[in-house]
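First comes the structure, then the notes that go with it.
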Amino acid sequence: MEILTYTNGINMLGKIALIVNENRALSTYPSVVNCMVLFLKNGYEVDLIVPKDMNIDCDTKNVTVIKYNYKGIFPVKIINGLIGIIHQLLSEKYNLILPYHAYGLIATGVACRIRKTPYGYFCLEIKCFDQIRNIKDKVMKSLEIHFNKKADFTIVQDNSRKELIKKTHGLQDGSIFCIPNSYLGPFNECSDYLRDKFEIPRNKTIALYSGALESWAIDENLILSVDGWDENYVLVLHGYCRGDYLEKVMKPLVEKINSKRKKIYLSLNLVDETEYMRLISSADIGLAWYRKDLPENVSTIGLSSGKMNAYLRCGIPIIVPTYLEDLRKFAEEYRIGVAVDSEYEIKNGILEIVNAHNYYKSNTINYYKENLDFEKKFYETFSSDFIP
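In my numbering, the protein residues as written are 129 to 516.
Rendered as structure tokens:
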């Protein structure tokens, strides 16, 4: 059996609990799925603790999935969730507990005061003070910071996120490690997934936006800008929406643009990781796009951007907004794509990439292998030794 040891010296051999307290499909959390796979690969038992209504759309046959109640309105929802997680953590003996969100961290911190178990915080979202709007937010943020400081280590996605969580949570530099929100190895399979699904002609250049089709992520300008695109460019929107923004705002705008000429395609079905990668790899360009006026958590998104990492895994050059400094630096320094000032400049970015597509594609493949492979970064954080 292989023993993994944290770079800060904590020996971990036995059973590990991974805790999620958001309710999107499990496959949309690659950092959770990848840890699950790699811990199993190294011989550890894994309990996956998730909300009762989470869609488990990944292979979990060797994992114990434990579901807790996370429904109702505040404060019932939070109390139920915390009690459910704490009860589970106290009913089993774990060698490591790894929550991915604030509520899971708080429950872990409470349980670990009772039962002295090592725990980390794999922080997927850094809720900053510009997002604190009421007493509930203040209380939860104070508890998150308190228990984060008590954690044995913290994982974020890159150095910008590291500096942000140091500033926000008051952490020490040596306790924070970086693992990007990416995947296990590059995806080298060629695909015509989107062309076959939507009967898109081969002479059309496919620009893909994949991710949240929600008001926090993108606004109407992304759709309206397509009206000025070259007739040989099309946009595919693939993703999910948890509110009515898609139905009330996005779809009517798409229909308006398409009434002149079919330029926008909606892909709304949930797919597993392999199918998702085939979908991504069938595009020509990926839009790692986010709207302006974002909270600090998103404006410093960096390597926590799931869509950007998915594009690069498949060798798809990216277009990013210049106002997101980290994404702009990645695109320009490593020549993995181009940065433009607004949605209405995306068409110029498409032209630039089309004119040198092989160059950008080669750069994206090399950048992913060197900087974004989850397994490589995982083992840089968790050192490994062997015993007979």
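Yeah, the Cβ is synthetic: ideal placement off N, Cα and C, and Gly gets one too.
Between the alpha carbons of threonine 296 and phenylalanine 250 lies a distance of about 15 Å.
When the Cα atoms are used, leucine 394 and leucine 336 turn out to be separated by approximately 10 Å. With fewer than 16 other CB atoms across the displayed protein chains lying within 10 angstroms of its CB, cysteine 318 is exposed. Shown here for serine 288: same chain residues with a beta carbon closer than 6 Å to its own, the five before and five after excluded, namely Thr428, Gly430, Asp454 in chain order. Ranked by how close their Cα comes to the Cα of cysteine 306, the residues Gly237, Phe281, Tyr321, Asn494 have Phe281 in first place. Annotation: lysine 269 is outside any beta strand (DSSP E); the continuous alpha helix (DSSP H) that includes it extends over 263-278. In this structure, methionine 378 lies near isoleucine 351, with their beta-carbon atoms less than 8 Å apart. Rounded to the nearest whole angstrom, the CA to CA distance from lysine 205 to glycine 434 is 27 Å. Within 10 angstroms of the beta-carbon of histidine 366 lie 16 or more other beta-carbons, which makes it buried. Contact between cysteine 240 and tyrosine 247 is confirmed by a C-beta separation of about 5 Å, below the 8 Å threshold.
The residue among Ile144, Ile225, Pro179 with its C-alpha nearest the C-alpha of glycine 171 is Ile144. Under DSSP, the beta-bridge partners assigned to glutamate 173 are Lys143. If you compare the alpha carbons of Ile413, Phe506, Ile493, Lys294 with that of proline 314, the shortest gap goes to Ile493.
Restricting attention to Tyr488, Met182, His215, Leu226, the CA atom closest to the CA of valine 174 is found in Leu226.
Across the structure, lysine 266 and asparagine 223 are spaced so that their CA atoms are roughly 31 Å apart. By alpha-carbon distance to threonine 450, the top candidate from Gly477, Ile444, Tyr439, Lys169 is Gly477.
Taking the Cβ atoms as the reference, isoleucine 213 lies roughly 19 Å from isoleucine 273, outside the contact range of under 8 Å. DSSP, read as helix, strand or coil, puts alanine 153 in coil. Counting only the Cα atoms, proline 158 lies some 12 Å from glutamate 503.
From the listed residues Gly142, Lys325, Ser219, the smallest Cα separation to leucine 407 is found for Lys325. According to DSSP, alanine 239 shares a beta bridge with no other residue. Bridge partners of cysteine 369 according to DSSP: none are assigned. Of the other Cβ atoms in all chains shown, 16 or more fall within 10 Å of the Cβ of glycine 465; this residue is therefore buried. Taking C-beta atoms as the reference points, histidine 215 and glutamate 253 fail to come closer than 8 Å. Setting aside the 5 residues that flank it on each side, tyrosine 496 is surrounded in the same chain by Pro314, Leu440, Arg441, each with a C-beta closer than 7 Å to its C-beta; the list follows chain order. Taking 8 Å as the cut-off, the beta carbon of isoleucine 474 is found no closer than this to the beta carbon of proline 445.
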